[in-house]
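Under this note's numbering, the residues of the sequence shown are numbered -14 to 260, in order.
Note that CB positions come from ideal geometry on N, CA and C, so glycine has one too.
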Amino acid sequence: MDARLQLRVQRYGWDVAASHYHAAWEDQLRPAHDQLLKMADLEKGQRVIETACGSGLVTLRLSEAVADTGHILATDLSQGMINDLQSRLDACDVTHIEVARMAAEKLDVQDQSFDAAICALGLMYTPDPAAAVTAMSRVVIPGGTVAATVWGERRNCGWADVFPIVDARVASEVCPMFFGTGAPNALTRLFADAGLIDIEEHRQFETLVFKSEADVVESVLLGGPVALAVKRFDADVWSEVCQEFLASIKDCKRTDGSYAIPGEFVTARGTRSPN
Ligand SMILES: C[S@@+](CC[C@H](N)C(=O)[O-])C[C@H]1O[C@@H](n2cnc3c(N)ncnc32)[C@H](O)[C@@H]1O
């Protein structure tokens, strides 16, 4: 898919998903976010840029890590996500988080102006993950930290059939390279190519629990990357897609009607060379 088209699909897709995202994914993504924060190892007073911040599930935790002597610039491609995060910030008393709409590949900030650059579950969506990691590396100081988490390999993500199910009914693939960044050593290579050193990569297997059929449909079909395509389906196609998706995860259904779906995440961290 043409890069500009992919950016548009992502931007407007996440605008549509924004109203569902935060509550739908908070619990399921927490173990991956925990690992990212652990490997980023932030300190009080640090300046941190976050790319693909979404509704702020990680942003608020970053702001706790750097405390009010630090500063967070949270950025995302989708204005809907930015608005969602801003309204969350307006409702609480946090003053050291700034929010701006920005593509991860083109960060509109000065070189070497942050101590760390963080990206949770965003690199799979960009048409150019290498450019996004290079941009993160550019904006941190020598000795600064770059850390990112992505979904792992397709075969370890039990919800992954959603892509072919939706793609069969739309003109072009929704996320053509989604699982590319989760292949073994893919993040390590991206980090090394961006000139980062002391790279560590960690892979984790989790079980994502959804309370009901309605919850898993809301999270995966309405609160995720296929939201834009799904919004255009008429009632018959929507119903067909829901049935096919639920059939694809039927083995994950538990006797109480909840779902326990395997998911894999990969996190990498690296340091910008001090020279
Ligand atoms: C799954 S959400 C992750 C949000 C948040 N980081 C989290 O972990 O909960 C993916 C986010 O990536 C953003 N995104 C997709 N493509 C992007 C790009 N090229 N540049 C910046 N953000 C992008 C979307 O708008 C969406 O908010």
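Expressed to the nearest angstrom, what Euclidean distance is found between the alpha-carbon atoms of residue i and residue j?
| i | j | result |
| --- | --- | --- |
| Cys227 | Ile82 | 38 Å |
| Glu138 | Leu172 | 12 Å |
| Asp53 | Thr80 | 8 Å |
| Val124 | Phe99 | 6 Å |
| Ala120 | Ala232 | 40 Å |
| Gln71 | Val84 | 7 Å |
| Ile184 | Gln20 | 15 Å |
| Gln(-5) | Thr240 | 36 Å |
| Trp(-1) | Gly65 | 7 Å |
| Ser63 | Asn141 | 28 Å |
| Gly128 | Gly242 | 49 Å |
| Trp223 | Leu175 | 37 Å |
| Glu90 | Thr36 | 9 Å |
| Ser40 | Gln13 | 15 Å |
| His56 | Ile34 | 8 Å |
Looking at residue i: is its Cβ nearer than 8 Å to the Cβ of residue j?
| i | j | result |
| --- | --- | --- |
| Val51 | Gly30 | yes |
| Ile182 | Thr256 | yes |
| Phe250 | Thr134 | yes |
| Ala245 | Thr166 | no |
| Val202 | Ile234 | no |
| Arg86 | Asp61 | yes |
| Leu47 | Leu27 | yes |
Using DSSP bridges, identify the partner residues of residue i.
| i | result |
| --- | --- |
| Cys104 | Thr36 and Ala133 |
| Phe195 | Tyr244 |
| His56 | Arg32 |
| Lys238 | Tyr244 |
| Arg257 | Leu181 |
| Phe250 | Trp136 and Gln189 |
Report yes or no: do three or more beta-carbon pairs, one from the region 206 to 216 and one from the region -5 to 13, lie closer than 8 Å?
Output reads yes: the region -5 to 13 touches the region 206 to 216.
Segment contact, 8 Å Cβ cut-off, at least three pairs: the region 152 to 164 with the region 101 to 114
Contact holds: three or more Cβ-Cβ distances are below 8 Å.
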